[in-house]
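Right, one structure below, let's go through it.
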Amino acid sequence: MLPLKRPAKVNLEDSQGKKRSFTTTDDIITVVVGPNNVAHLVHESVLCKSIFFNKCLHAGMREEEEKSITLPEDDPEDFALIVEWLYSGRLPQDPKWRDMIRAYNAAVKFLMYDLQNAVVDWFRVELSPLTLDADVVMHIWDNTPEGCELRRLLLDTLFHEILKTPMKFKSARDADGDDDGQRDIVRDRPVPARTDQDGTSVAVMDRVMNSPQLRLEMFWRFADPVDRPPPEYFKIGGCVYHVHEGRQKCERDDPEDTTGPDQP
Numbered sequence: 000m001l002p003l004k005r006p007a008k009v010n011l012e013d014s015q016g017k018k019r020s021f022t023t024t025d026d027i028i029t030v031v032v033g034p035n036n037v038a039h040l041v042h043e044s045v046l047c048k049s050i051f052f053n054k055c056l057h058a059g060m061r062e063e064e065e066k067s068i069t070l071p072e073d074d075p076e077d078f079a080l081i082v083e084w085l086y087s088g089r090l091p092q093d094p095k096w097r098d099m100i101r102a103y104n105a106a107v108k109f110l111m112y113d114l115q116n117a118v119v120d121w122f123r124v125e126l127s128p129l130t131l132d133a134d135v136v137m138h139i140w141d142n143t144p145e146g147c148e149l150r151r152l153l154l155d156t157l158f159h160e161i162l163k164t165p166m167k168f169k170s171a172r173d174a175d176g177d178d179d180g181q182r183d184i185v186r187d188r189p190v191p192a193r194t195d196q197d198g199t200s201v202a203v204m205d206r207v208m209n210s211p212q213l214r215l216e217m218f219w220r221f222a223d224p225v226d227r228p229p230p231e232y233f234k235i236g237g238c239v240y241h242v243h244e245g246r247q248k249c250e251r252d253d254p255e256d257t258t259g260p261d262q263p
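Counting from 0, one number per residue, gives the positions in the sequence shown under numbering that gives the first Met the number 0.
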């Protein structure tokens, strides 16, 4: 028998605090996840808010007839994150940044644009220059899809922090130079890693320099004005770093909104 797993402590209220209702004809879909075949039971109307699952269940495929979907390569915990979002429309309280990256990747795979946007808004608050950490930077870069908006946010954050305080990113051997902090970005060779005692910003630069693709992306941020974000990008409100289906209007797309992302 398959191990069954229901979403833990699912809030049956939507993001406006209204109770959700389910009709007696709302089927329960079994989603079997991972190599251990963990079965999640989800209302069909809830699951179909994902474009991916809606197509699975309404395209005349076997999944529609059997009311069952199998995801052998996915992580049950990652799937539980998106089920919680599908039911509540809210991110977890006090989430861990690694979980938010996992939720973002699952949202990309299952075409859940609203969840992608919510995670990006969360990182716009959390990924401030004061909390820029080498592990966070590299985990985002190494574990997100190429060209995604979360990576773009990361690149913009790095660019502005290096431009604003270049000396923080210099090693001791470079600190006496007269360049503007860009020499490390264009240097085409790995650098030896340092310990955290050498400073968080220097550790970030070392990790950037040891990632050829990330180093190249940062080079173009400095070399080509087209790739540069606007000044004080982190204060810009409205629909920023978001993705939407077709011409769907963003609920944050308000020209008068200059408050930046909502605080958690």
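All C-beta atoms in this analysis are idealised placements derived from N, C-alpha and C, irrespective of residue type, glycine included.
In this structure, Ala38 is the residue among Pro75, Val136, Ala38, Val45 with its C-alpha nearest to the C-alpha of Ser67. Arg220 is positioned such that its CB atom lies closer than 8 Å to that of Leu154. A distance below 8 Å separates the beta carbons of Lys167 and Ser200. Using a 10 angstroms sphere on the CB of Arg101, the tally of other CB atoms reaches 16 or more, which defines it as buried.
Its chain contains no residue whose beta carbon lies nearer than 8 Å to that of Glu64 once the 5 sequence neighbours on both sides are disregarded. Residues Val32 of the same chain have their beta carbon placed closer than 6 Å to that of Leu70, with the five preceding and five following residues left out of the count. An exposed status is given to Ala58, since fewer than 16 other beta-carbon atoms sit within 10 Å of its beta-carbon. In the structure shown, Ser49 falls within a coil segment according to DSSP collapsed to helix, strand and coil. By DSSP's assignment, Val41 forms a beta bridge with Ile28. In this structure, the CA atom of Arg97 is about 13 Å from the CA atom of Ala133.
Contact check for Ala105 against Leu80 passes: the beta carbons are separated by less than 8 Å. CA-to-CA, the gap between Val107 and Val203 works out to about 26 Å.
Assignment of Thr69 by DSSP, reduced to helix, strand and coil, places it in the strand class. Under the three-state reduction of DSSP, Asp93 is assigned to coil, being neither helix nor strand.
Taking all protein chains in view, the Cβ of Glu148 is crowded by 16 or more other Cβ atoms within 10 Å, so the residue is classified as buried.
Scanning Glu244, Ile161, Phe109 for the CA closest to the CA of Leu131 turns up Ile161.
Within 10 angstroms of the beta-carbon of Arg214 lie 16 or more other beta-carbons, which makes it buried. Counting only the Cα atoms, Leu46 lies some 10 Å from Asp26.
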